[in-house]
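Protein chains in written order, with this note's numbering: chain D, 20 to 512; chain W, 20 to 512.
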C-alpha cells in the first residue's frame, strides 16, 4: 500500500516536471518568436530582402529544373547559384558593386587563364604544370598583395578575390581538359545570368538604396544632436531629485554618433556605385555627406564632455547659476532648433537657411548675454574664482557647441549648392513625405513664410515653428515636425 | 630643301616628344614601384601573407596536377581551390573563423540537402521540383533573415552564407543526378582539404594573430595619448610664432583613436576564434580590451576639445597664464608619464602599478596647485571673470583628463587581474622585446626598483624613468622606452 502511494507520488512528480518543462519550453519559444517578429517589424526591409533572396534563388534554380536550359548549361548552372548567393546584398549599391566586380574580374581572369594555359602548352607535357604553378603562385600572390592597398580594398576587394579564384580555376583545370574555351564560355555566361538576376531583383523589387540610407542617417544624426540640446536645459538646471534615468537614456541617443564613422564610410562607398534614383542624380556629392558627418561627430564629442558637468554633483553657486540659466537655456534651445531645421531641410531636401540662420543668430545673442552675466557676477560678488569653475566651463563648452552648429549649417549650405536638388517635390519619395505634402495642401495658404529679422522675440520661445507659421489650428506637439517640414516647403509647391 | 628641313624638324620634334613621354613613363613607373616597396616595408607581414596565399594555391593545385589525386577527386578539386581563395585571411582568427564556419555550414547544409532530395523524390517526378523549390525558397529566405541578427552577423555570417549556398546546390543538383551521395562526399572532402591547408599554413607559417594585433593596438593608442599630453605644454604655453605645423601633426596622432572602434571590434571578434598562443592563453579576457579602448577613446574626446583652446587666439591674461603654467604643465606631463608607463606595462605584459600610481598622484597634487592659483588670482586681481574663461576652461578640461587617465589605469589593473599573464618573460614573443630583454641582462643589477613614496620631488621631473632607474650610463632619449620596459620587468626576471 505504502509502496503504491510512493510510486503514485513519483509518477505525479514526474508528470509535474514534464508539465513545467513543457510550459517553460513554450514560453521560451513564444518569447523568441516575439523577438524575431519585433526584429522584423523594426525594419521590414529585412523581411523583404530575405524574400528577394529566396525568389532569386528559386529563379536561378530553373537552370536545373527546365530541361532545355539544363541541356545548354549543364552543371555550370551551379556558378549561377553561387553568384546569386554571394552577390545578393542588402543595398542596391552593395549588389551592384559585387556584381560588377565579379563580372569584370571573371572576364579578365578568364581571358588571362586561357592565355596561361596556351602558353604552358608550349613547354611540353612535363613543363606545363611547372609553368602553370609559377603563374598561379605569382599572380595569386600579387593579387593578394594588391588587396592591402586602401584604394583597392575600398572598392575592388571582391574583384581581386574573384580574379585569383577564376584565374587559378581556369589555369588549373585547363591542364586536365581540352574543352577549356567551352568551359570558360559556360561559366562566364552562367555567372552573367546569376549576376543579372540579382541586380535586376535588387533594383526593381523594393530597392534599398545605400545613398538614401546615408542621407537619412545624416539627417537623423543631426536630429539626435538637436534632441540632446533640447533636453540639456531640463537636465542641467533641474533639481537633483528631478533627474530621472529615463530622460537620460532618451537624451543620450547621440552616443551612437560617436562611433558611426565606419557605417557612414561603408554607405558612402556603396552609394557611389548606385545609379541616379529618386532625387539623387548621378554624381550626387556623396563625399560631402562625410564632411557634414565629421562636423556632426565633432559636435557630439562636445556633448560627451558636457555630460560630465551634467552628471557632476559639484555645481557653481546658486545665484550664479540662476544668472546664467536663462541665456544658457536660450543658447542650447536655439542651437537645437537650428539643428532641427537643418535636419528637416536635409530630410525634405529643401534648403531653409532663413530659419536656420535666425536660430543661430538668436543663440549667438544669448552668448553675449552669458558674457554679460559673467561680467556682472565678477564685479558684484567677492566669491573666489574656484567656485565658478564648473558653471564657467559648462558655458564655454556650450559656446563651442554653438560655433560647431554654425559650422554644420555652413557645410549643409555648401552641400545644397552642390547637390542641385530638384525644386519640386516628388511625392513618391516616401509615404511619410507624401502625407506631409497632402496635409499641406489641405490648409494651403494659411501658412505664411516669415521674413528674416521679423519679430525676433518670438523666435526665442520654445515652440519655434508654431510661432513662425501662422496657422489657424493650434497644432499639437506631434505635428511639430510635420509643420516644420511644411513650412520649409512652402515656397516650393 | 626647305621641305626637307621641315621634315627633319618634324622628325626631331617627334623624337623629342617620344623621349619626353618615355622618361615621364619611366618616372611614373619608378615612383609607383617605390610606393609599392614602401607599402610592403611598412608592414612586411603583408608580403609574407601574399606569399602564403600563393603557396597554399600551388599546394592545392596538386589535386589537379597529380594523377592519383585527380583520379579520386576529379573536378571536385575546384572546391578545394575555392575554399583556399576564400578562407585565406590575413589573421589566424580570420582564417579559423571562416574555415570553421565553412566546414560546419557545409556539413549541416549538405546533410539537409540530401534529406531534402530524398523527401522530394517521394512526391513523384512532377512534384519534385515544386517541393525542392519551396524548400530552397523558405530555407534561403530564413537563413538570409538570420544574417541580420547582430549575434549571428558578428560570428556566423559567413556560415549562414555557405549554408544557403550548399543547401541550394545539393538540393538543386540532386534533381539531375542520382549519385548525389558520391558528389556530396567529394565536395565535402575537398572543402575539408582546402580548409585544412589554409588553417595549417596560417597557423604555422609566420602566423599573424589578431589577438596580438589588438593587444599592440591598445598599447599604441595609450602611447598616442601620452605623446599628446607630453606635447601639450609646448603647444599651449608656447609663443604664437613658435607653434609650427610640424609638431602639430606629430602630436595629433591621437586623432586615429577617435574612430578606431570598428577596427578594435573586428580584431576582438577574430581574437576569440584563436587558440592560445604566446602568452595569450585560452579564455584570455578579450572583452576587457574593449573596456580599456572605450576609456582611451573617452580621453581622446577630451583632447579634441582641448585642441580648440590650443589653436584659439583668445587666451587668458598673461599674468594669470604664467601662474597656472607650472601646475598645468606638471599635470599634463605626469598624466602623460602615467600613460607611458601603462602602455609599457601592457606591451611587456607586466603590471607596474607602483610607477603608474606615483605619476597619477603627482598630477593630482598639481590639480590642487592649479586650484590654489585660481584662488589667489581671484583675490589678487580686480579683473573681470570674462578674461579668465579660456584659461579656466582649459585647466578644468585638463583636470577631467587626469580623472580619465586614472580610470584607464584602474581598468588596466583589473585587466591584469583577469589576464593571468605568465610571470616569466617569453623572449620568443617579439624580437623587439627580446632585444630589451638582452639589454637588460647586460647591466643587470644596476637597475634598482624604487619604493613608493620615495623622493616624490624627483618624480615630477620630466625624465621620470631616468630618475627612478639608477643607471650607470646616462641614457639617450631613444632608449627611454626601453629603459621603462626594463624597469617594469626588474622584479620578474
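Quick reminder that beta carbons are idealized off the backbone N, C-alpha and C, glycines included.
Since the structure is predicted, the reported quantities are computational estimates derived from the model, not experimental observations.
| query | result |
| --- | --- |
| What's the gap between the Cα of residue 128 of chain D and the Cα of residue 185 of chain D? | 6 Å |
| Rounded to whole angstroms, what's the CA-CA distance from residue 318 of chain W to residue 326 of chain W? Just pull it up for me. | 13 Å |
| DSSP on residue 321 of chain W, reduced to helix/strand/coil? | helix |
| Can you grab the Cα-Cα spacing for the pair residue 48 of chain D / residue 57 of chain D, in whole Å? | 14 Å |
| Give every residue of the same chain whose Cβ lies closer than 7 Å to the Cβ of residue 5 of chain D, excluding the five residues on either side of it in the sequence, and list them in chain order. | Beyond the ends of chain D as shown, which are 20 and 512, falls residue 5 of chain D; an answer cannot be given. |
| In chain order, what residues of the same chain have a beta carbon less than 8 Å from the beta carbon of residue 183 of chain W, not counting five sequence neighbours either side? | 128, 158, 159, 162, 163 |
| Could you say which of W:102, W:437, W:299, W:75 lies nearest to residue 234 of chain W if we only look at CA atoms? | W:299 |
| Starting from the Cα of residue 352 of chain D, find the closest Cα among D:343, D:364, D:381, D:324 and give me that residue. | D:381 |
| Considering only residues of the same chain and omitting the five flanking positions on each side of residue 290 of chain W, which have a CB-CB separation below 7 Å? | 112, 229, 230, 233, 305 |
| Determine which residues share a DSSP beta bridge with residue 74 of chain D and list them. | Partner(s): none; residue 74 of chain D has no beta bridge. |
| Along chain W, which residues have their Cβ under 7 Å away from the Cβ of residue 51 of chain D? | Simply none; closest approach about 11 Å. |
| For residue 62 of chain D and residue 107 of chain W, I'd like the C-alpha separation in whole angstroms. | 34 Å |
| Which chain D residues sit within Cβ distance under 7 Å of residue 195 of chain W? | 83, 89 |
| Would you mind stating whether residue 358 of chain W and residue 212 of chain W have Cβ atoms separated by less than 8 Å? | no |
| What is the DSSP secondary structure of residue 167 of chain W, reduced to helix, strand or coil? | coil |
| Just to make sure I have the definition right: I need the residues of chain D whose C-beta is within less than 7 Å of the C-beta of residue 278 of chain W. Which are they? | 280 |
| Counting only C-beta atoms, is residue 244 of chain W closer than 8 Å to chain D at any point? | no |
| Applying a beta-carbon distance threshold of less than 7 Å, which residues of chain D neighbour residue 159 of chain W? | 72, 73, 76 |
| Does residue 188 of chain W get closer than 8 Å to chain D when you measure Cβ to Cβ? | yes |
| DSSP three-state label for residue 299 of chain W, please. | strand |
| Against chain W, with Cβ distances strictly below 8 Å, would residue 104 of chain D count as a contact? | yes |
| May I have a chain-ordered list of the alpha helix (DSSP H) segments no shorter than 4 residues that lie completely inside the region 357-445 of chain W? | 372-399, 404-438 |
| DSSP three-state label for residue 343 of chain W, please. | helix |
| Is the distance from the Cβ of residue 252 of chain D to the Cβ of residue 341 of chain D below 8 Å? | no |
| In the DSSP assignment, find the unbroken alpha helix (DSSP H) run with residue 142 of chain D in it and report its ends. | No alpha helix (DSSP H) holds residue 142 of chain D; DSSP gives it neither H nor E. |
| If we count Cβ pairs, one from each stretch, closer than 8 Å, do we get three or more for the region 68-85 of chain D versus the region 209-226 of chain D? | yes |
| Under a CB-based cut-off of 8 Å, is residue 114 of chain D close to chain W? | no |
| Does any residue of chain W have a CB that is nearer than 8 Å to the CB of residue 450 of chain D? | Model confidence at residue 450 of chain D stands at a pLDDT of 44, short of 50, so the residue's coordinates are unreliable; what they give is reported in the following sentence. Not an interface residue. |
| Could you list the residues in the region 159-178 of chain W with a C-beta less than 8 Å from some C-beta on chain D, going in chain order? | 159, 160, 161, 163, 164, 167, 168 |
| Comparing C-alpha positions only, which one of D:311, D:37, D:209, D:407 sits nearest to residue 118 of chain D? | D:209 |
| In angstroms, rounded to a whole number, what distance separates the CA positions of residue 301 of chain D and residue 200 of chain D? | 38 Å |
| Using only the alpha-carbon positions, how far apart do residue 520 of chain D and residue 282 of chain W sit? | What is shown of chain D runs 20 to 512, which leaves residue 520 of chain D out entirely. |
| Closest Cβ-Cβ distance between residue 137 of chain D and chain W: below 8 Å? | no |
| Which one of D:138, D:307, D:226, D:54 has the shortest CA to CA distance from residue 294 of chain D? | D:226 |
| Suppose contacts are defined by Cβ-Cβ distances below 8 Å. Is residue 365 of chain D in contact with residue 428 of chain D by that definition? | no |
| Would you kindly work out how many angstroms separate the C-alpha atoms of residue 17 of chain D and residue 96 of chain D, rounded to a whole number? | In the structure displayed, chain D extends from 20 to 512; residue 17 of chain D sits before or after that span and is not available. |
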